[in-house]
Amino acid sequence: MYVDGIYLKRNWGGEYENVAVFVAIAVNDDSYREVLGAAEGMKEDKASWVNFFQWLRGRGLEGVKLIVGGKCLGMLV
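Note that this note's numbering has the sequence shown beginning at 12, numbered continuously upward.
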């Protein structure tokens, strides 16, 4: 499973703010890439990543043997 977070600007009530978007992609049994989930957070900190992974597990994700991600300190802590 490959995970990454990117920052985008979002317009909310006429004001722009930066938000993090977390994405998880994996290869399914038919060798096709599949987006497992995408969620919004305020920043890429440890709590946000833990919430994202728990959300994926709650959606039925299991059996992950390898996670590849960017060099985000929130995942390393």
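C-beta atoms are modelled at their ideal positions from N, C-alpha and C, and glycine is treated no differently.
Between the stretch 55-67 and the stretch 30-42 there are three or more inter-stretch CB-CB distances shorter than 8 angstroms, so the stretches are counted as touching. In the three-state reduction of the DSSP assignment, R70 falls in the coil class, being assigned neither a helical nor a strand state.
Of the candidates E26, M12 and K54, M12 places its Cα closest to the Cα of S42.
Taking the Cα positions, E28 is about 8 angstroms away from L19. Every alpha helix (DSSP H) stretch that sits fully inside the stretch 32-81 and reaches 4 residues is listed by chain position as 57-69. Put simply, of V30, N22, E26 and R21 the residue whose alpha carbon is nearest the alpha carbon of S59 is V30. CA-to-CA, the gap between G52 and V14 works out to about 14 angstroms.
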